[in-house]
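>
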Amino acid sequence: MSTRNKAAGEPDAVDAVIGQWAAERPDVDVSPIQIVGRISRLSRHFERALKTHFAGFDLERWEFDVLATLRRSGKPYELSAGALLKMALVTSGAMTNRIDRLEGRGLVERRSDPGDRRTVLIRLTTQGRKTVDAILVGHMANEERMLAALSPGERRDLEATLRKLLISFGDVP
Numbered sequence: 001m002s003t004r005n006k007a008a009g010e011p012d013a014v015d016a017v018i019g020q021w022a023a024e025r026p027d028v029d030v031s032p033i034q035i036v037g038r039i040s041r042l043s044r045h046f047e048r049a050l051k052t053h054f055a056g057f058d059l060e061r062w063e064f065d066v067l068a069t070l071r072r073s074g075k076p077y078e079l080s081a082g083a084l085l086k087m088a089l090v091t092s093g094a095m096t097n098r099i100d101r102l103e104g105r106g107l108v109e110r111r112s113d114p115g116d117r118r119t120v121l122i123r124l125t126t127q128g129r130k131t132v133d134a135i136l137v138g139h140m141a142n143e144e145r146m147l148a149a150l151s152p153g154e155r156r157d158l159e160a161t162l163r164k165l166l167i168s169f170g171d172v173p
């Protein structure tokens with residue numbers, strides 16, 4: 001991943017795709033690729049960089065996401081399985097598998113909700129909390145490196161634009 005600050009006019013891989021479509025199908029407006037294609041490609045670059053970072057801690061990104069969700073929820077660092085499911089945008093089967101794996105590693109524990117025996121609560125263990133806390137600062141530094149090509153103003157503009165798009169998909173708390 002290059003973090004060199006390049007001129008906005010320099011062509012990227014998406015420009016090549018646009019050029020190919022313009023030559024092959026000039027009758028089709030492929031301008032959405034300029035945004036969707038770039039977001040998709042960036043997502044893959046980000047995923048690779050995050051995967052590499054978390055691998056250094058013997059974690060998958062999804063494992064960190066579950067642990068971080070519990071950690072930022074505040075004491076007692078526990079949420080219902082349903083609340084975790086809503087935040088993760090995965091199927092209930094996938095979440096059950098994730099919780100099983102994290103529980104097997106001693107990073108989370110399940111317990112029944114004393115107020116409603118039908119509800120399962122997932123709690124961060126002491127080891128899980130220490131794991132998240134040990135990774136967090138380096139994780140933020142890694143993400144900062146991934147955004148180094150953007151000025152503070154560009155970052156604010158991009159944050160606002162991406163927030164608007166996410167909200168349009170109903171991705172709200």
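For what it's worth, the working numbering labels the leading residue of the sequence shown as 1, then goes sequentially. Backbone N, C-alpha and C fix where the C-beta goes; we use that ideal spot for every residue, glycine too.
1) To the nearest angstrom, how far is the alpha carbon of Ile18 from that of Val108?
2) Arg98: buried (16+ other C-beta within 10 angstroms of its C-beta) or exposed?
3) Decide if Gly104 is buried, meaning its Cβ has at least 16 other Cβ atoms within 10 Å, or exposed.
4) To the nearest angstrom, how far is it from the Cα of Ala13 to the Cα of Arg41?
5) Taking the DSSP output, what are the residues bridged to Glu78?
6) Can you give me the C-alpha to C-alpha distance between Pro26 and Gln20, rounded to a whole angstrom?
7) Can you give me the C-alpha to C-alpha distance between His45 and Ser168, rounded to a whole angstrom?
8) If you measure between the beta carbons of Glu60 and Phe54, is that distance less than 8 Å?
9) Report, in whole angstroms, the separation of the C-beta atoms of Thr69 and Leu85, which I expect to be a contact under 8 Å.
10) Would you report the Cα separation of Leu166 and Val36, rounded to the nearest angstrom?
11) Assuming Thr161 and Leu67 are in contact, meaning their beta carbons sit under 8 Å apart, how far apart are those beta carbons, in whole angstroms?
12) Quick one: measure Cβ to Cβ for Ala88 and Asp65, integer angstroms, because I've assumed they're closer than 8 Å.
13) According to the Cβ coordinates, are Arg111 and Arg123 closer than 8 Å?
14) Looking at Ala49 and Asn142, is the spacing between their C-beta atoms short of 8 Å?
15) From the DSSP output, in three-state form, read off Ser112 for me.
16) Give the secondary structure of Gly170 by DSSP, where H, G and I count as helix, E and B as strand, and everything else as coil.
In this structure, then:
1) Position 18 of the sequence shown, counted from the first residue, corresponds to residue 18. Position 108 of the sequence shown, counted from the first residue, corresponds to residue 108. Their backbone Cα atoms lie some 47 Å apart in a straight line.
2) Position 98 of the sequence shown, counted from the first residue, corresponds to residue 98. By the neighbour-count criterion, in which a residue is buried when 16 or more other Cβ atoms sit within 10 angstroms of its Cβ, Arg98 is buried.
3) Here the question's residue 104 lines up with position 104 in the sequence shown. Of the other Cβ atoms in all chains shown, fewer than 16 fall within 10 Å of the Cβ of Gly104; this residue is therefore exposed.
4) Within the sequence shown, residue 13 is the residue found at index 13, counting from 1. Within the sequence shown, residue 41 is the residue found at index 41, counting from 1. Near 9 Å, if we compare the C-alpha coordinates of Arg41 and Ala13.
5) Along the sequence shown, one-based indexing puts residue 78 at 78. Arg123.
6) Residue mapping note: residue 26 aligns to position 26 of the sequence shown, counting from 1. Residue mapping note: residue 20 aligns to position 20 of the sequence shown, counting from 1. Distance between Pro26 and Gln20, taken at the CA atoms: about 9 Å.
7) Taking the sequence shown and counting its residues from 1, one reaches residue 45 at position 45. Taking the sequence shown and counting its residues from 1, one reaches residue 168 at position 168. Separation of His45 and Ser168 (C-alpha to C-alpha, rounded to the nearest whole angstrom) is 24 Å.
8) Counting from 1 along the sequence shown, the entry for residue 60 is found at position 60. Counting from 1 along the sequence shown, the entry for residue 54 is found at position 54. Closer than 8 Å, so yes.
9) The residue labelled residue 69 in the question sits at position 69 within the sequence shown. The residue labelled residue 85 in the question sits at position 85 within the sequence shown. Rounded, the Cβ-Cβ distance is 11 Å, inconsistent with contact.
10) The residue you call residue 166 lines up with position 166 of the sequence shown. The residue you call residue 36 lines up with position 36 of the sequence shown. Between Leu166 and Val36, the alpha-carbon positions lie close to 13 Å from each other.
11) The residue labelled residue 161 in the question sits at position 161 within the sequence shown. The residue labelled residue 67 in the question sits at position 67 within the sequence shown. Not quite, the Cβ-Cβ distance comes to about 29 Å (not below 8 Å), so this is no contact.
12) As a first step, residue 88 must be located in the sequence shown, where it is residue number 88. As a first step, residue 65 must be located in the sequence shown, where it is residue number 65. Yes, Ala88 and Asp65 are in contact; Cβ-Cβ is about 7 Å, under 8 Å.
13) Against the sequence shown, residue 111 aligns to sequence position 111. Against the sequence shown, residue 123 aligns to sequence position 123. Result yes, Cβ atoms of Arg111 and Arg123 sit closer than 8 Å.
14) One-based indexing of the sequence shown puts residue 142 at position 142. One-based indexing of the sequence shown puts residue 49 at position 49. In this structure, Ala49 lies closer than 8 Å to Asn142 by Cβ.
15) Position 112 of the sequence shown, counted from the start, is the residue given in the question as residue 112. For Ser112, the secondary structure class from DSSP, reduced to helix, strand or coil, is strand.
16) Locating residue 170 in the sequence shown gives position 170, counting from the first residue. In the structure shown, Gly170 sits in coil (DSSP, three-state: anything other than H, G, I, E or B).
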